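Just so you know, the protein sequences line up as chains A and B, in that order.
Counting from 230, one number per residue, gives the positions in the first sequence under my numbering.
Counting from 10, one number per residue, gives the positions in the second sequence under my numbering.
Below: the structure, in structure tokens.
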Amino acid sequence: MTTLTPILSATWDDPRSWTLETYERAGGYAALKKALGMSKEDLVQLTKDSGLRGRGGAGFPTGMKWGFLPPPDGGPRYLVVNADESEPGTCKDIPLMMANPQVLIEGVAITSFAIGCDHAFIYLRGEVVHVYRRLLRAVEEAYAAGHLGKDIHGSGFNLDVTVHAGAGAYICGEETALLDSLEGRRGQPRLKPPFPAVAGLYARPTVVNNVESIASVPSIVSGGADWFGGMGTEKSKGYGIFSLSGHVTRPGQYEAPLGITLRELLDMAGGIRNGHELKFWTPGGSSTPLFTQEHLDVPLDFESVGAAGSMLGTRALQIFDETTCVVRAVDRWTDFYKHESCGKCTPCREGTWWLKQIMGRLEHGQGTEEDLDKLLDICDNVLGRAFCALGDGATSPITSSIKYFRDEYVAHLTQGGCPFDRDAATVFATNQKVNA
Amino acid sequence: MENYGEQTASGYFRVAQESKEPYAPEVEAQFQADAEQIIARYPQKRSALLPMLHLVQSVDGYVTGRGIALCAELLELTEAEVSGVATFYTQYKRHPNGDYTVGVCTNTLCAVMGGDKIWDTVSERLGIGHDETTEDGKITLERVECNAACDFAPVVMANWEFFDNQTPESTLQMVEDLRAGKDVRPTRGPDKVATFKETSRVLAGFLDGHADEGVGAGPASLEGLKLAKERGWTAPAMGGTSDVQPEGSGAPAGAGAGQPGEEHSSTDTPANAPGEKPGTDASDSTQQPATPGEKGN
Ligand SMILES: Cc1cc2nc3c(=O)[nH]c(=O)nc-3n(C[C@H](O)[C@H](O)[C@H](O)COP(=O)(O)O)c2cc1C
Ligand code: SF4
Numbered sequence: 230m231t232t233l234t235p236i237l238s239a240t241w242d243d244p245r246s247w248t249l250e251t252y253e254r255a256g257g258y259a260a261l262k263k264a265l266g267m268s269k270e271d272l273v274q275l276t277k278d279s280g281l282r283g284r285g286g287a288g289f290p291t292g293m294k295w296g297f298l299p300p301p302d303g304g305p306r307y308l309v310v311n312a313d314e315s316e317p318g319t320c321k322d323i324p325l326m327m328a329n330p331q332v333l334i335e336g337v338a339i340t341s342f343a344i345g346c347d348h349a350f351i352y353l354r355g356e357v358v359h360v361y362r363r364l365l366r367a368v369e370e371a372y373a374a375g376h377l378g379k380d381i382h383g384s385g386f387n388l389d390v391t392v393h394a395g396a397g398a399y400i401c402g403e404e405t406a407l408l409d410s411l412e413g414r415r416g417q418p419r420l421k422p423p424f425p426a427v428a429g430l431y432a433r434p435t436v437v438n439n440v441e442s443i444a445s446v447p448s449i450v451s452g453g454a455d456w457f458g459g460m461g462t463e464k465s466k467g468y469g470i471f472s473l474s475g476h477v478t479r480p481g482q483y484e485a486p487l488g489i490t491l492r493e494l495l496d497m498a499g500g501i502r503n504g505h506e507l508k509f510w511t512p513g514g515s516s517t518p519l520f521t522q523e524h525l526d527v528p529l530d531f532e533s534v535g536a537a538g539s540m541l542g543t544r545a546l547q548i549f550d551e552t553t554c555v556v557r558a559v560d561r562w563t564d565f566y567k568h569e570s571c572g573k574c575t576p577c578r579e580g581t582w583w584l585k586q587i588m589g590r591l592e593h594g595q596g597t598e599e600d601l602d603k604l605l606d607i608c609d610n611v612l613g614r615a616f617c618a619l620g621d622g623a624t625s626p627i628t629s630s631i632k633y634f635r636d637e638y639v640a641h642l643t644q645g646g647c648p649f650d651r652d653a654a655t656v657f658a659t660n661q662k663v664n665a
Numbered sequence: 010m011e012n013y014g015e016q017t018a019s020g021y022f023r024v025a026q027e028s029k030e031p032y033a034p035e036v037e038a039q040f041q042a043d044a045e046q047i048i049a050r051y052p053q054k055r056s057a058l059l060p061m062l063h064l065v066q067s068v069d070g071y072v073t074g075r076g077i078a079l080c081a082e083l084l085e086l087t088e089a090e091v092s093g094v095a096t097f098y099t100q101y102k103r104h105p106n107g108d109y110t111v112g113v114c115t116n117t118l119c120a121v122m123g124g125d126k127i128w129d130t131v132s133e134r135l136g137i138g139h140d141e142t143t144e145d146g147k148i149t150l151e152r153v154e155c156n157a158a159c160d161f162a163p164v165v166m167a168n169w170e171f172f173d174n175q176t177p178e179s180t181l182q183m184v185e186d187l188r189a190g191k192d193v194r195p196t197r198g199p200d201k202v203a204t205f206k207e208t209s210r211v212l213a214g215f216l217d218g219h220a221d222e223g224v225g226a227g228p229a230s231l232e233g234l235k236l237a238k239e240r241g242w243t244a245p246a247m248g249g250t251s252d253v254q255p256e257g258s259g260a261p262a263g264a265g266a267g268q269p270g271e272e273h274s275s276t277d278t279p280a281n282a283p284g285e286k287p288g289t290d291a292s293d294s295t296q297q298p299a300t301p302g303e304k305g306n
């Protein structure tokens, strides 16, 4: 049986969990002091050895990414933390930064030291103002305690940290769009290569990492590579935050080793809400193909989820029971992609618009059966042809829902509308039942 | 069908004539002083543009023509360049915003859990649609995308503070209270919701003294931790390889009670081989092109 492993979330229930005082009381910043006594090469090697893979969706090995930076040339190199968290269903970084911003700041300091960066940035989505307050305050406190600034703990290492608020655009989570946005431009993806490691922020060598990736670094420095690798599976090592939402009894954040299954997590979360059963779910956000009941025992690690036809993504487990219309769900996600398409490339800009038109009429019972083939045809023309992964992601819910629930699409046509009662799916419906 | 309100051509930036009236000298001086502080945060000054547009909204309540002109002047950009950026991001408003932006999450998960019902109820009561403002200038209503609080669905944001686990009634009450000028307390946030202009100033990077208010985590965020404590589950103990305190870095001192996954020794990976290229790592090859993550890194 897999059990939970609270590490990043271990102090979230402290009454003032976000303060430096709480963090240091729990041993915070010991890892930074240790790291400052190590060589940069050893820190990069340690991170490689740990097997840590990016927690922002793609699972790229973090230490290896750091290792891609070209040798120092005397000019600046940057760390940019991706705190844009906007993938539908993803809700781990925001509570982490609200409850424990210091673990991120400590990770930023260690990583910056390891890659030779003296100015790091945290790009936070703009729609979470209290998290911005917490981060700004955490940076203030860290400066005052000498964890940031000049000659940190007498090591000669200098680091400034700027926390930057975005202004509402999902695409700014894509790392090169994020860099353009941070440079004060429209957030549109850049052609790769050159990769950010070579030409990133201000065309300088840059590491872009997810919040949770960087927040995991202090624990790796403290615990060691073997400790970290003792959790998880062979190729997906360590722990991660699993976010359960939707029709579960106790939605929330569950920090566990990679490779845990939804069946185990659901068991911990009290199961599907009373009197209902699982219908479909996303393993890693709306851009990852849907799963159904048959995938309850798929280990939630990068390899196993991939082999089962989806992606681990951000471990954003959105759970829907049998009261939910899959066509309605996918229609709304498609609306999202249409809205958030940055417009740079034709397949995605035009494709998402057409997909929304067709999904909308299907949900309202005004489509035809040919529309299903049309949807698949458009998806085929977007997938792999879009400039960035947003376009690809837009096709995932559509193709996977048609694969598993074609009959339900057809039922909308034969009945001339959506056969589901929207009220039955709401959380108020549950409450009424409980109260009655 | 959903009431989306009056749909305007979204790429088109209309600035009203009066929004081009010059700033009063003391307002402009203050703006310049604030802008200098913002610019000083970045190695290159164009990076200051997004926070400066938030600053414009903190002064004018939306992105005005004069705000665009001033940003352009201070950052040595053209007004077209500044407008091009302002129109890209949804938080920048093209017409005077209400004192409070009330954003109902209508992305799939919240919508299904009741967000659609909340939207219908509030939209009907206020008689306005998406991105429209009540006649008293108090409330601007929006349909918002996923705000990273799905475990608290249905979620409503008021000036980008969290109102978790909403019902049509609770949101109506919140909106009525805001209109009546009462203090309104978010579920996870400061003691009271600030005005749109005040919030915009925070988003420009100026702390308002409310960071220490509110909870660290809401109930849903704590479900996993609570269960782990009940059952005595912890992360494996940090030992052997580490010479710092086992509690180092905020990680708990585990008793090794957990049996998470299988045990694996670390691989002895050398420094990146010369041939290694971003995105070509074999361990990443299971990734399909359709990933919210990456096509290479
Ligand atoms: C449309 C789109 C949105 C993304 N949003 C995020 C995000 O909000 N946060 C994030 O960390 N990564 C996001 N990513 C992935 C980033 O491009 C990048 O892979 C990641 O930040 C790298 O960090 P990691 O290696 O630590 O995971 C997104 C990618 C795409 C294509
Ligand atoms: S795929 Fe979509 S979001 Fe990505 S560059 Fe093309 S238009 Fe922009």
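We put the CB at the ideal spot given by N, CA and C, even for glycine.
Note that the coordinates shown come from a computational prediction; the quantities given were computed from them, not determined experimentally.
Would you call Ser341/A buried or exposed, if buried means 16 or more other Cβ atoms sit within 10 Å of its Cβ?
Within the first sequence, the letter at position 112 stands for residue 341/A. Ser341/A is buried by the Cβ-count criterion.
Please determine whether the Cβ atom of Gly572/A lies at a distance below 7 Å from any heavy atom of ligand 2.
On the first sequence, residue 572/A is found 343 positions in, with the first residue counted as 1. Relative to ligand 2, the nearest heavy atom lies less than 7 Å away from the CB of Gly572/A.
Between which residues of its own chain and Thr319/A is the CB-CB distance below 6 Å, once the five residues before and five after are set aside?
Translated into the one-based positions of the first sequence, residue 319/A becomes position 90. Cβ within range, chain order: Gly514, Thr543 and Ala545.
Going along the chain, which unbroken runs of the beta strand (DSSP E) with 3 or more residues stay wholly within the stretch 242-317 of chain A?
307-312, all fully within the stretch 242-317 of chain A.
Specify, as a first and last residue, the run of the alpha helix (DSSP H) that Phe172/B falls within.
Along the second sequence, read from residue 1 onward, the residue named residue 172/B stands at position 163. DSSP places Phe172/B in no alpha helix (DSSP H) but in the uninterrupted beta strand (DSSP E) bounded by Glu170 to Phe172.
Just the Cα atoms here: how many angstroms apart are Val450/A and Gly620/A?
Counting from 1 along the first sequence, the entry for residue 450/A is found at position 221. Counting from 1 along the first sequence, the entry for residue 620/A is found at position 391. Whole-angstrom Cα-Cα distance: 37 Å.
Closer than 7 Å to a non-hydrogen atom of ligand 2 - does that hold for the CB of Gly620/A?
Against the first sequence, residue 620/A aligns to sequence position 391. Yes; taking the cut-off as 7 Å, the Cβ of Gly620/A has a heavy atom of ligand 2 nearer than that.
Spatial neighbours of Tyr258/A within its chain, please: CB distance less than 7 Å, with the 5 preceding and 5 following residues excluded, ordered by chain position.
Counting from 1 along the first sequence, the entry for residue 258/A is found at position 29. Within the same chain, Tyr258/A has close Cβ partners Glu335 and His376.
What does DSSP give as the partner residue(s) for Gly481/A in the beta ladder?
Taking the first sequence and counting its residues from 1, one reaches residue 481/A at position 252. Leu473/A, per the DSSP bridge assignment.
Exposed or buried, which one is Ser238/A when buried takes at least 16 other CB atoms within 10 Å?
As a first step, residue 238/A must be located in the first sequence, where it is residue number 9. Classification of Ser238/A: buried, given that the 10 Å Cβ count is 16 or more.
Just to make sure I have the definition right: I need the residues of chain A whose C-beta is within less than 8 Å of the C-beta of Leu187/B. Which are they?
As a first step, residue 187/B must be located in the second sequence, where it is residue number 178. Around Leu187/B, no beta-carbon contact reaches into chain A at under 8 Å, the shortest distance being about 16 Å.
Taking 8 Å as the cut-off, does the stretch 87-106 of chain B touch the stretch 58-68 of chain B (at least 3 CB pairs, one atom from each stretch)?
With contact defined as three or more Cβ pairs closer than 8 Å, the stretch 58-68 of chain B and the stretch 87-106 of chain B are in contact.
Taking buried to mean at least 16 other C-beta atoms within 10 Å of its own C-beta, is Thr196/B buried or exposed?
One-based indexing of the second sequence puts residue 196/B at position 187. Within 10 angstroms of the beta-carbon of Thr196/B lie 16 or more other beta-carbons, which makes it buried.
With 9 Å as the C-beta to C-beta threshold (strictly closer), list the residues of the stretch 149-169 of chain B near chain A in chain order.
Flagged, chain order: Val153, Glu154, Cys155, Asn156, Ala157, Ala158, Cys159, Asp160, Phe161, Ala162, Pro163, Met166, Asn168 and Trp169.
Burial state of Ser268/A (16 or more Cβ within 10 Å)
In the first sequence, the residue the question calls residue 268/A occupies position 39. Exposed, because fewer than 16 other Cβ atoms sit within 10 Å of the Cβ of Ser268/A.
Contact set for Cys155/B: own chain, Cβ-Cβ below 6 Å, skip 5 residues either direction:
As a position in the second sequence, residue 155/B is number 146, starting the count at 1. Asn116, listed in sequence order.
In angstroms with no decimal places, state the Cα-to-Cα distance between Tyr538/A and Thr628/A.
Translated into the one-based positions of the first sequence, residue 538/A becomes position 309. Translated into the one-based positions of the first sequence, residue 628/A becomes position 399. Tyr is not the amino acid found at residue 538/A; the sequence shown has Gly there. Their Cα atoms are separated by approximately 11 Å.
Chain A contact for His338/B (CB, 8 Å cutoff):
Because chain B is modelled from 10 through 306, residue 338/B falls outside the range shown and cannot be assessed.
Report, in whole angstroms, the separation of the C-beta atoms of Leu525/A and Thr490/A, which I expect to be a contact under 8 Å.
Within the first sequence, residue 525/A is the residue found at index 296, counting from 1. Within the first sequence, residue 490/A is the residue found at index 261, counting from 1. With 8 Å as the limit, Leu525/A and Thr490/A qualify as a contact, their Cβ atoms being about 7 Å apart.
Three or more beta-carbon pairs under 8 Å between the stretch 321-335 of chain A and the stretch 436-454 of chain A, yes or no?
The stretch 321-335 of chain A makes contact with the stretch 436-454 of chain A, as at least three CB pairs between them are under 8 Å.
Quick check: the stretch 504-522 of chain A against the stretch 242-261 of chain A, are there 3 or more CB pairs under 8 Å?
Three or more beta-carbon pairs separated by less than 8 Å are not found between the stretch 504-522 of chain A and the stretch 242-261 of chain A, which leaves the two stretches without contact.
Chain-ordered neighbours of Thr142/B on chain A, where CB pairs are closer than 9 Å:
For the purposes of this step, residue 142/B is taken as the residue at position 133 of the second sequence. Within chain A, no residue comes near Thr142/B; the closest Cβ sits about 18 Å away, beyond 9 Å.
Is Pro283/B buried or exposed, if buried means 16 or more other CB atoms sit within 10 Å of its CB?
Against the second sequence, residue 283/B aligns to sequence position 274. The pLDDT assigned to Pro283/B is 44, lower than 50, so where the model puts this residue is not dependable; a value taken from the coordinates is nonetheless given after this. That one is exposed.
Could one say the Cβ of Ala94/B lies closer than 8 Å to chain A's Cβ atoms, at least one of them?
Numbered from 1 along the second sequence, position 85 holds the residue referred to as residue 94/B. The residue you asked about is not Ala; residue 94/B is Val in the sequence shown. Judged by the 8 Å Cβ criterion, Val94/B is in contact with chain A.
Tell me whether Arg152/B sits in a helix, a strand or coil according to DSSP, three-state version.
The residue labelled residue 152/B in the question sits at position 143 within the second sequence. Assignment of Arg152/B by DSSP, reduced to helix, strand and coil, places it in the strand class.
Taking the CB atoms as reference points, tell me whether Glu438/A and Thr291/A lie closer together than 8 Å.
As a working mapping, residue 438/A is identified with position 209 in the first sequence. As a working mapping, residue 291/A is identified with position 62 in the first sequence. Note on identity: in this sequence residue 438/A is Asn, with Glu being the wrong assignment. With respect to the 8 Å criterion, Asn438/A and Thr291/A are classified as neighbours on the basis of their beta carbons.
Please state the DSSP three-state secondary structure of Leu237/A.
Residue numbering aside, residue 237/A sits at position 8 when the first sequence is read from its first letter. It is coil, neither helix nor strand.
Please indicate yes or no: does the CB of Phe565/A lie closer than 7 Å to some heavy atom of ligand 2?
For the purposes of this step, residue 565/A is identified with residue 336 of the first sequence, where counting begins at 1. Checking the Cβ of Phe565/A against ligand 2 gives no.
Here's the rule I'm using: 16 or more other beta-carbon atoms within 10 Å means buried, otherwise exposed. How should Asp313/A be labelled?
Along the first sequence, one-based indexing puts residue 313/A at 84. Flag for Asp313/A reads buried.
Along the chain, where does the alpha helix (DSSP H) containing Leu605/A start, and where does it finish?
Looking up residue 605/A in the first sequence gives position 376. Annotation: the continuous alpha helix (DSSP H) that includes Leu605/A extends over Glu598 to Val611.
Please compile the residues from chain A whose C-beta is within a distance smaller than 7 Å of the C-beta of Phe97/B.
As a working mapping, residue 97/B is identified with position 88 in the second sequence. Those within 7 Å of Phe97/B in chain A are Ala398, Arg415 and Gly416.
N- and C-terminal bounds of the beta strand (DSSP E) containing Ala536/A
In the first sequence, counting from the first residue as 1, residue 536/A sits at position 307. Secondary structure note for Ala536/A: it is in no beta strand (DSSP E), and the uninterrupted alpha helix (DSSP H) holding it is Phe531 to Ala536.
Any idea what DSSP makes of Met166/B, helix, strand or coil?
Numbered from its first residue, the second sequence carries residue 166/B at position 157. Residue state, collapsed to three classes: strand.
Are Asp455/A and Arg502/A close, meaning C-beta to C-beta below 8 Å?
The residue labelled residue 455/A in the question sits at position 226 within the first sequence. The residue labelled residue 502/A in the question sits at position 273 within the first sequence. Not in contact: Asp455/A and Arg502/A (Cβ atoms no closer than 8 Å).
Could you name the residues of the stretch 636-658 of chain A whose beta carbon sits closer than 9 Å to any beta carbon of chain B, in the order they occur along the chain?
Of all residues in the stretch 636-658 of chain A, Arg651, Asp652, Ala654, Thr655, Val656, Phe657 and Ala658 have a Cβ within less than 9 Å of some Cβ in chain B.
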